[in-house]
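Residue numbers (the numbering used here), protein chains in the order written: chain B, 84 to 354; chain A, 901 to 1325.
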Amino acid sequence: MRANGGRRSSRGDDETVALRIPDGSPTPPRAGGPPTPPRVDGSPTPPPVIEFRQVGLTYPGPPPVPAFRPCDLTIEQGEFVTVIGPSGSGKSTFLNIAGLLDAPTEGTYLLDGIDTGTLKDGDRTALRGRRIGFVFQSFHLLPHRSARENVQLAMVYNGAPRAERGRRAQEALEQVGLGHRLDSLPTRLSGGERQRVAIARALVSRPSLLLCDEPTGNLDSRNADSVLGLLEQLHATGMTVLVITHDPAVASRGVRTVAIRDGVLREQVAV
Amino acid sequence: MNHRRRRRFTLRGRRHRTGPVVEPSVLAPRDLLGESLAGMLQRPARSALTALGTVLGVGTFVAILGLTATTSSQIDSRFSVLTATEVNIEDIGIEQNEFVPLAFPKDADARMAKLAGVEHAGVYWTVDTRNTDATIRSSPIGDESTGERANIVAASPGVIEAAVPHVVQGRVYDAYAERTAQPVVMIGSGMAARLGITTLQTRPALFIGGRPFTVVAIIDDVKRKADLLLSVVVPRSTAEKIWGEPATGGAKMLVATRLGAAQQVAKLAPTALRPDHPEYFKAVPPPDPKTLRGNVTSDLQQLFLLLAAICLVIGAVGIANTTLVAVLERTGEIGLRRALGARGGHITIQFLAESGSLGALGGLIGTSLGTLTVVGVAVARDWTPVVHPTTVAAAPAIGLLTGLVAGLYPAWRASRIQPAEALRR
């Protein structure tokens, strides 16, 4: 969490280029990332899912702690982006900002073109619930509820009609390959299956962004591989996926990788 | 909702949103109920133990109120048989006219019997024996020290009937004895034993100041006017003939009425007895049974209700404690719900609903147990169980309120949990 942006140049990060060096120099909008291909049907280009404009977070002191240095970042619809960084690099802070769990102290964060800075707390919460699907390292499944009920929980707060919930939960579970374990309790599921339930829960409210925090951290390599395979599958169907990890092997699965170190975010150029 | 939100932005001068408007998070009442019930049922044993305090508190509350209502109704029915049908009429004629020591007319019994609702009525007074020899003996001779002393009561046959005596031997004197001023007496069993009277087969006599009287009845119990048991009772006309009218007043009338007629009889009696001078009488209707009940039960009831309140407080503390532990335990779940779009308020209300349903459940069980206790005690005592409907209706509500109050602090704590922190666990 604690980051020190001043030591950046002394590191041997030759393969990374700074997305934006926080010195106030103008940055072209949407630095990095592949350009969005124009839509076949001719509809206007949708706004990027995530657009950071000089977003940074400094915990108020004394002394003030800059946890996340101001930077620009754009993630277009349908991208599969991985964010890699060692522990203590500011990954969690980035996750909290991107996931609307914490508000940045500087800059503008547009989610789906909505300026989240002007939103009140309740609206940010609602936006989070409707537009972002979270996948956590520790799954966060309710232990006494079946897979289907756990998935349905995601629809409680965003006003999905009750009648639809069962069917939608089932569809989401089938989508992640758990159509045969609808009524199993999480305690009866393997780690990989649990994470699939969590992914189904994240998908069921049809979010704009799947935000995964160390999704394979608690899994063995076989399960991790299958979960990453699932994420790739989802990406292939057009879902925007953002995976935060410390594991280079996981990060390499992304189409595009962003490195974070000491609170500084940099685009990582594919080798 | 959308409209309201848009208007709010406009009113506050905010810029209009170009992109899609954020729809607010919601929590439908049915979902709230489902979530809180699920939260309660996921640890059934703990929930049951937590609810125990409320069960005891509310149960005690219902049992106490039910038992007091039951005993009160018993008291009521006892009073309705005896006191509620008894009217006493006092002769206060001498206070208004010193030449009227006895205002009751000779045919007082018959006059009263004509009143609707009167079952029995009779005049009685205690004979003034200060100036005469009133020693009671079973033989005509003997010195003063061997005699018995007792009140000599002049009573018309109506008094005897109104008092409902239990006759051991013989039969009570009747209107004939009254009309013809027969020298007869009715005595209690205690007096009979002291005088050595064991049987009435031999027509035994007793002597009051040397005058012979035939003992016609021995009684061992009366429902009204218990002092008759310790007295020597003679007909009114006989007493008048021998000792004269009560010189200093003090005559009374005992009226047994039909149920519900007492107040009316008390109102009409003075006029019925003496249309010329109704003011010579003071009719005393039976006391209101409700005030009697209040006096009998209030002290004990208050003590037990205090105990019930203490139980409730203990129950509330138990719920508060358990809910607080649950909040800390379920921090991850709270974080998840926040991530899924729940506002702090939704979390608060969910935990409040959980503690509230726990309290309400405890209240319901307590109400049932309390009612069962009342029924059980009533059956054992052969009483009619009485539980006021408002008690039964209010008791679960008290449980609910206890749960809600107990949940206030934990729910507030839960809403303060930061999702980012909670999800890191």
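Backbone N, C-alpha and C fix where the C-beta goes; we use that ideal spot for every residue, glycine too.
Put residue i into one of helix, strand or coil per three-state DSSP.
i, result
"residue 1024(A)", "strand"
"residue 989(A)", "strand"
"residue 1066(A)", "strand"
"residue 325(B)", "strand"
"residue 120(B)", "Since pLDDT at residue 120(B) reaches only 49, below the 50 mark, its modelled position is unreliable, and no value is offered."
"residue 1251(A)", "helix"
"residue 931(A)", "helix"
"residue 48(B)", "Absent from the structure is residue 48(B), since the part of chain B shown begins at 84 and ends at 354."
"residue 961(A)", "helix"
"residue 142(B)", "strand"
"residue 149(B)", "strand"
"residue 1114(A)", "strand"
"residue 192(B)", "strand"
"residue 1160(A)", "coil"
"residue 1097(A)", "coil"
"residue 135(B)", "strand"
"residue 982(A)", "coil"
"residue 250(B)", "helix"
"residue 1119(A)", "strand"
"residue 1042(A)", "coil"
"residue 1003(A)", "coil"
"residue 1327(A)", "The structure shown does not extend to residue 1327(A), since chain A spans only 901 to 1325, so no value can be given for it."
"residue 350(B)", "strand"
"residue 159(B)", "coil"
Determine the chain A residues that contact residue i at a beta-carbon separation under 9 Å, and present them in chain order.
i, result
"residue 240(B)", "925, 926, 927, 931, 1237, 1240, 1241, 1242, 1243, 1246"
"residue 213(B)", "922, 923, 925, 1241"
"residue 237(B)", "1240, 1241"
Residue i: buried (16+ other C-beta within 10 angstroms of its C-beta) or exposed?
i, result
"residue 1063(A)", "buried"
"residue 359(B)", "Residue 359(B) is absent from the model: chain B starts at 84 and stops at 354."
"residue 1039(A)", "exposed"
"residue 957(A)", "buried"
"residue 109(B)", "Confidence in residue 109(B) is poor, its pLDDT being 39 and thus under 50, which makes the residue's placement unreliable; the coordinate value appears in the next sentence. Looking at its Cβ environment, which holds fewer than 16 other Cβ atoms inside 10 Å, residue 109(B) is exposed."
"residue 174(B)", "buried"
"residue 107(B)", "Any reading at residue 107(B) needs caution, since the residue's pLDDT is 38, under 50, leaving its predicted position unreliable; the model's value is listed next. Classification for residue 107(B): exposed."
"residue 105(B)", "Here residue 105(B) scores only 39 on pLDDT, less than 50, and its place in the model is too uncertain to base an answer on."
"residue 997(A)", "exposed"
"residue 226(B)", "exposed"
"residue 1096(A)", "exposed"
"residue 1076(A)", "exposed"
"residue 941(A)", "exposed"
"residue 1251(A)", "buried"
"residue 328(B)", "buried"
"residue 1176(A)", "exposed"
"residue 323(B)", "buried"
Chain B partners of residue i, CB-CB under 8 Å?
i, result
"residue 1324(A)", "175"
At 7 Å on the CB atoms, spell out the chain A contacts of residue i, in chain order.
i, result
"residue 136(B)", "Simply none; closest approach about 15 Å."
Just the chain A side, please: which residues come within less than 8 Å of residue i by C-beta, in chain order?
i, result
"residue 179(B)", "1320"
"residue 185(B)", "1320"
"residue 210(B)", "922"
Counting only Cβ pairs nearer than 9 Å, list the residues of chain B close to residue i.
i, result
"residue 1229(A)", "In chain order: nothing, as chain B lies at least about 11 Å away."
"residue 938(A)", "225, 227, 228, 232"
"residue 935(A)", "236, 239"
Along chain B, which residues have their Cβ under 7 Å away from the Cβ of residue i?
i, result
"residue 942(A)", "227"
"residue 1233(A)", "225"
Hey, is the region 957–966 of chain A in contact with the region 1271–1287 of chain A, meaning 3+ C-beta pairs nearer than 8 Å? Yes: at least three Cβ pairs fall under 8 Å.
Counting pairs of beta carbons, one from the region 154–162 of chain B and one from the region 215–222 of chain B, are three or more of them closer than 8 Å? Under the Cβ criterion (8 Å, minimum of three pairs), the region 154–162 of chain B does not count as touching the region 215–222 of chain B.
On the three-pair Cβ rule with 8 Å, is the region 1115–1123 of chain A touching the region 1087–1100 of chain A? With contact defined as three or more Cβ pairs closer than 8 Å, the region 1115–1123 of chain A and the region 1087–1100 of chain A are in contact.
Three Cβ pairs or more, each shorter than 8 Å: is that satisfied between the region 940–959 of chain A and the region 235–253 of chain B? Cβ pair count under 8 Å is below three, so no.
Is it the case that the region 162–173 of chain B contacts the region 340–350 of chain B, given that we only count it when at least three CB pairs across the two stretches are under 8 Å? Three or more Cβ pairs drawn from the region 340–350 of chain B and the region 162–173 of chain B lie within less than 8 Å of each other, which places the two stretches in contact.
Contact between the region 257–267 of chain B and the region 185–199 of chain B: three or more CB pairs below 8 Å? Touching, no, given that fewer than three Cβ pairs across the two stretches are closer than 8 Å.
Taking a cut of 9 Å between CB atoms, which residues from the region 142–170 of chain B lie near chain E? In summary, chain E is missing from the structure at hand, where the protein chains are B and A.
What are the residues in the region 196–208 of chain B lying within 9 Å of chain A by C-beta distance? Listed by position, the residues of the region 196–208 of chain B near chain A (Cβ gap below 9 Å) are 196, 197, 198, 201, 202, 204, 205, 206, 207, 208.
Inter-stretch contact (C-beta, 8 Å, three-pair minimum) for the region 307–326 of chain B and the region 196–210 of chain B: Touching, no.
Say whether the region 1144–1155 of chain A touches the region 995–1015 of chain A, bearing in mind that this needs 3 or more beta-carbon pairs closer than 8 Å, one atom from each stretch. Counting Cβ pairs under 8 Å, three or more are found: they touch.
Is it true that the region 274–287 of chain B meets the region 219–233 of chain B, where meeting means three or more beta-carbon pairs spaced less than 8 Å apart? Taking 8 Å as the limit for Cβ pairs, the verdict is that the region 219–233 of chain B does touch the region 274–287 of chain B.
If we count Cβ pairs, one from each stretch, closer than 8 Å, do we get three or more for the region 1130–1140 of chain A versus the region 1046–1060 of chain A? Between the region 1130–1140 of chain A and the region 1046–1060 of chain A, the count of C-beta pairs closer than 8 Å reaches three or more; the two stretches touch.
Flag this pair as touching only if the region 1158–1167 of chain A and the region 1099–1117 of chain A have three or more C-beta atom pairs under 8 Å; answer yes or no. Of all C-beta pairs linking the region 1158–1167 of chain A to the region 1099–1117 of chain A, fewer than three are shorter than 8 Å, placing the two stretches out of contact.
Between the region 1215–1222 of chain A and the region 1302–1314 of chain A, do three or more beta carbon pairs fall short of 8 Å? In short, these stretches touch, since the Cβ pair count reaches three.
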